[in-house]
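**Q** Numbering (my numbering), first residue to last: 15 to 446.
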Ligand code: EPU
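1. Keeping to the same chain, check which residues put their C-beta closer than 8 Å to that of residue 187; ignore five residues upstream and five downstream.
2. Is the beta carbon of residue 137 within less than 7 Å of some heavy atom of the ligand EPU?
3. When burial is assigned at 16 or more other CB atoms within 10 Å of the CB, is residue 301 buried or exposed?
4. Cutting at 6 Å between CB atoms, please list the residues of its own chain near residue 382, excluding the five before and the five after it.
5. Taking residue 61 and residue 415 to be in contact with their CB atoms under 8 Å, please state how far apart those CB atoms are, rounded to whole angstroms.
6. Classify residue 133 as buried or exposed, calling it buried when 16 or more other Cβ atoms lie within 10 Å of its own Cβ.
7. Check residue 278 in the structure and name its three-state DSSP category.
8. Can you say whether residue 50 is buried or exposed, counting buried as having 16 or more other CB atoms within 10 angstroms of its CB?
9. Between the alpha carbons of residue 261 and residue 247, how many angstroms are there, rounded?
10. For residue 361, which of helix, strand or coil comes out of DSSP?
11. By Cβ distance below 8 Å, which residues in the same chain neighbour residue 45 in space, the five residues on each side in sequence not counted?
12. What distance in whole Å lies between the Cβ atoms of residue 402 and residue 20, which are believed to be in contact at a cut-off of 8 Å?
13. Nearer than 7 Å: is that true of the beta carbon of residue 400 relative to any heavy atom of the ligand EPU?
14. Cα-Cα, which of 175, 158, 173 and 151 is closest to residue 167?
15. In chain order, what residues of the same chain lie with their CB nearer than 6 Å to the CB of residue 288, ignoring the 5 residues before and after it?
16. In three-state DSSP terms, what is residue 97?
17. Can you give me the Cβ contacts of residue 28 inside the same chain, cut-off strictly under 7 Å, excluding the 5 residues immediately before and after it?
18. Going by the beta-carbon positions, is the gap between residue 227 and residue 269 smaller than 8 Å?
19. Under 8 Å, do residue 390 and residue 254 count as touching if we go by C-beta distance?
20. Could you compute how far the alpha carbon of residue 35 sits from the alpha carbon of residue 59?
21. Are there any heavy atoms of the ligand EPU lying less than 7 Å away from the beta-carbon of residue 451, as far as the coordinates show?
22. Going by DSSP, what residue range makes up the beta strand (DSSP E) through residue 31?
23. Would you check if the region 117–130 and the region 80–100 touch, i.e. whether three or more CB-CB distances between them fall below 8 Å?
24. Shortest alpha-carbon distance to residue 195 belongs to which of 39, 184, 220 and 141?
25. Between the region 327–347 and the region 306–314, do at least 3 Cβ pairs fall closer than 8 Å?
26. Would you kindly check if the distance between the Cβ of residue 273 and the Cβ of residue 285 is under 8 Å?
27. From 164, 320, 161 and 140, pick the residue whose C-alpha is nearest to that of residue 173; which is it?
28. Identify, in the order they occur along the chain, each residue of the same chain with its Cβ nearer than 8 Å to the Cβ of residue 377, setting aside the five sequence neighbours on each side.
29. Among 420, 435, 117 and 82, which has the Cα closest to the Cα of residue 47?
30. Is any heavy atom of the ligand EPU found at a distance shorter than 7 Å from the C-beta of residue 107?
31. Can you tell me whether residue 283 is buried or exposed, with buried defined as 16 or more other CB within 10 angstroms of its CB?
32. Under the assumption that residue 256 contacts residue 299 (Cβ atoms under 8 Å), give the Cβ distance between them as a whole number of angstroms.
33. What I want to know is whether the C-beta of residue 70 ends up closer than 7 Å to one or more non-hydrogen atoms of the ligand EPU.
34. Rounded to the nearest angstrom, how far is the Cβ of residue 428 from that of residue 24, given a contact under 8 Å?
35. For residue 298, which beta-bridge partners are listed by DSSP?
36. Are residue 170 and residue 263 closer than 8 Å when you measure CB to CB?
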């Protein structure tokens with residue numbers, strides 16, 4: 015098992031380059047299954063969730079060639095099977111995109127139920143609602159989701175999502191691009207990665223309009239051809255480094271970002287007293303003054319992202335006054351709070367609300383990551399704390415953050431990854 019040893023209390027200075035967006039990559043890679051030809055995908059982040067997605071496709075018969083660490087060519091013209099390997103697919107939440115992609119291209123899919131959930135119930139009823147409206151039969155049996163069509167083809171449909179779901183919006187998009195006729199998704203999610211998936215599919219010949227608004231219209235086409243596409247920068251990775259500077263103090267240039275995607279995070283940090291200077295594709299983040307309290311409510315895009323909630327809550331533990339954080343996307347996304355309390359944070363959680371009483375400082379402690387963003391929050395806490403912290407279960411963090419140790423070290427952080435022999439790396443629950 016790998017652990018991170020962090021000696022905190024050092025402000026961060028320098029430049030950090032943001033990688034490609036995880037939640038776009040884990041959708042765009044399965045979407046290559048829809049394409050009869052070679053897809054060249056650039057700006058792929060080197061993270062374990064992406065490796066798993068590529069392994070799943072390889073197992074189905076895709077030809078995959080790495081051109082460099084961030085560019086792959088995927089050729090799905092000779093897919094052998096529409097059944098994913100159980101052990102691989104159950105490890106990653108995003109394996110649900112294989113249902114939409116396989117069903118859309120081949121009219122059938124057998125995909126292992128995505129693995130354990132770390133923050134509350136994570137149903138996929140809205141995905142199933144979409145597939146069913148398009149004429150598929152979906153049953154769960156023996157740990158697999160079986161989706162099939164009688165004719166081998168889906169038919170376009172009008173679908174109103176009962177909840178704003180990123181996954182359902184993207185899965186329906188994948189299922190619909192090759193379906194017969196028109197599909198309209200209403201109450202669709204609007205996250206940047208939804209627009210990215212639509213742009214990828216359109217660049218391969220799909221006809222998708224309205225991605226980024228709450229109504230997405232798709233006209234089915236008979237085939238998608240190969241092409242080249244570069245994934246957008248990761249909004250949450252960028253936000254995490256911004257939050258780290260807010261917590262430790264210092265000045266960092268965050269490079270390779272789309273400032274518009276960062277507005278919801280930038281606005282909150284500015285409210286807390288952090289200075290943020292926006293340029294074309296960079297943000298200069300500086301914190302010299304004391305942090306001020308702020309209230310944060312997570313919402314679907316363009317609201318404040320739930321995937322930044324643990325990180326911003328951690329920053330607020332060091333702000334002057336009492337802050338209120340409301341998590342309105344997921345149930346039970348406060349499991350990391352007990353770890354922050356070990357470090358001296360003062361936080362009371364009541365259902366979806368956390369009351370954060372700012373403290374003068376945090377102190378280093380042995381702490382454990384319980385999921386990806388919670389893990390990132392603990393890294394931020396440890397960087398800001400006085401003394402040394404030892405973070406375990408960092409495999410969660412490496413699911414979504416490329417080279418986090420090296421990137422932080424280049425900003426002057428005292429962080430190192432150490433191997434602890436004899437302890438198991440396998441994590442039971444995989445989310446994301
Ligand atoms: N929901 C339903 N039914 C569904 C689908 C969702 O009730 O069929 C509910 C969920 O229970 C939740 C809400 O709708 O309360 C939003 O869920 P959504 O479907 O939007 O989440 P997701 O697609 O499963 C993605 C990201 C998450 C991120 C959420 C929200 C990926 C692979 N995962 O999950 O990312 O928190 O959107 O933005 O894209 C992460 O990166 O750390 C992460 C957890």
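Even glycine gets a Cβ: it sits at the ideal position worked out from N, Cα and C.
**A** Working from what's here:
1. Position 173 of the chain shown holds residue 187. Hits under 8 Å: 114, 199, 208, 211, 212, 215, 222, 225, 230 and 232.
2. Here residue 137 refers to the residue found at position 123 of the chain shown. Because some heavy atom of the ligand EPU lies under 7 Å away, the Cβ of residue 137 counts as near it: yes.
3. One-based indexing of the chain shown puts residue 301 at position 287. Around the beta carbon of residue 301, 16 or more other beta carbons sit within 10 angstroms, so the residue counts as buried.
4. In the chain shown, the residue the question calls residue 382 occupies position 368. 406 and 407, listed in sequence order.
5. As a working note, residue 61 is residue 47 in the chain shown. As a working note, residue 415 is residue 401 in the chain shown. Correct: roughly 7 Å between the Cβ atoms.
6. Here residue 133 corresponds to residue number 119 of the chain shown, with the count starting at 1. Unreliable positioning characterises residue 133 in this predicted model, as indicated by a pLDDT of 48, which lies under 50. The coordinate reading is nonetheless provided below. Under this definition residue 133 is a buried residue.
7. If you number the chain shown from 1, residue 278 lands on position 264. The answer is helix: DSSP assigns residue 278 an H, G or I state.
8. For the purposes of this step, residue 50 is taken as the residue at position 36 of the chain shown. Buried: at least 16 other Cβ atoms inside 10 Å.
9. Mapped onto the chain shown, residue 261 falls at position 247. Mapped onto the chain shown, residue 247 falls at position 233. Spanning the two alpha carbons is a distance of roughly 23 Å.
10. Here residue 361 refers to the residue found at position 347 of the chain shown. Residue 361 falls in the strand class under three-state DSSP.
11. As a first step, residue 45 must be located in the chain shown, where it is residue number 31. Excluding positions up to five away in sequence, the list reads 111, 115, 188, 211, 214 and 215.
12. Counting from 1 along the chain shown, the entry for residue 20 is found at position 6. Counting from 1 along the chain shown, the entry for residue 402 is found at position 388. That belief holds up - the Cβ atoms of residue 20 and residue 402 are roughly 7 Å apart, short of 8 Å.
13. Position 386 of the chain shown, counting from 1, holds the residue named residue 400. No, the Cβ of residue 400 stays beyond 7 Å of every heavy atom of the ligand EPU.
14. For the purposes of this step, residue 167 is taken as residue 153 along the chain shown, with counting starting at 1. That would be 151, whose Cα lies nearest to the Cα of residue 167.
15. Translated into positions along the chain shown, residue 288 becomes position 274. Counting only Cβ-Cβ distances below 6 Å, and skipping sequence neighbours, we find 260 and 301.
16. Residue mapping note: residue 97 aligns to position 83 of the chain shown, counting from 1. Three-state DSSP puts residue 97 in a strand.
17. Working through the chain shown from its first residue, we reach residue 28 at position 14. For residue 28, where only same-chain residues beyond five positions count, the Cβ hits under 7 Å are 266, 424, 425 and 426.
18. The residue you call residue 227 lines up with position 213 of the chain shown. The residue you call residue 269 lines up with position 255 of the chain shown. Taking 8 Å as the Cβ cut-off, residue 227 and residue 269 do not qualify as a contacting pair.
19. By 1-based counting over the chain shown, the position of residue 390 is 376. By 1-based counting over the chain shown, the position of residue 254 is 240. Yes.
20. Stepping through the chain shown from its first residue, residue 35 is reached at position 21. Stepping through the chain shown from its first residue, residue 59 is reached at position 45. The straight-line gap from Cα to Cα measures roughly 7 Å.
21. Because the chain in this structure spans residues 15 to 446, residue 451 falls outside the shown range and cannot be described.
22. Numbered from its first residue, the chain shown carries residue 31 at position 17. Counting along the chain, the beta strand (DSSP E) containing residue 31 begins and ends at 26–31.
23. yes
24. Locating residue 195 in the chain shown gives position 181, counting from the first residue. The residue with the shortest Cα to Cα distance from residue 195 is 220.
25. yes
26. Position 271 of the chain shown holds residue 285. Position 259 of the chain shown holds residue 273. No, the Cβ-Cβ distance between residue 285 and residue 273 is not below 8 Å.
27. In the chain shown, residue 173 corresponds to position 159, counting from 1. Residue nearest to residue 173 within the set 164, 320, 161 and 140 is 140 (criterion: CA-CA distance).
28. For this step, residue 377 is matched to residue 363 along the chain shown. Same-chain partners within the cutoff: 357, 358, 399, 400 and 401.
29. Mapped onto the chain shown, residue 47 falls at position 33. That would be 117, whose Cα lies nearest to the Cα of residue 47.
30. Reading the chain shown from its first residue, position 93 is the one you call residue 107. True, at least one ligand heavy atom lies under 7 Å from that Cβ.
31. For the purposes of this step, residue 283 is taken as the residue at position 269 of the chain shown. When all chains shown are included, residue 283 counts as buried.
32. What you label residue 256 is simply residue 242 of the chain shown in a count that begins at 1. What you label residue 299 is simply residue 285 of the chain shown in a count that begins at 1. For a cut-off of 8 Å, the C-beta gap from residue 256 to residue 299 is around 5 Å, short enough to register as a contact.
33. Against the chain shown, residue 70 aligns to sequence position 56. Checking every heavy atom of the ligand EPU against the Cβ of residue 70, none is found closer than 7 Å.
34. As a working note, residue 428 is residue 414 in the chain shown. As a working note, residue 24 is residue 10 in the chain shown. The pair is a contact, with the Cβ atoms about 6 Å apart (cut-off 8 Å).
35. Here residue 298 refers to the residue found at position 284 of the chain shown. Residue 298 is bridged to 267 and 291.
36. Position 156 of the chain shown holds residue 170. Position 249 of the chain shown holds residue 263. Contact: no.
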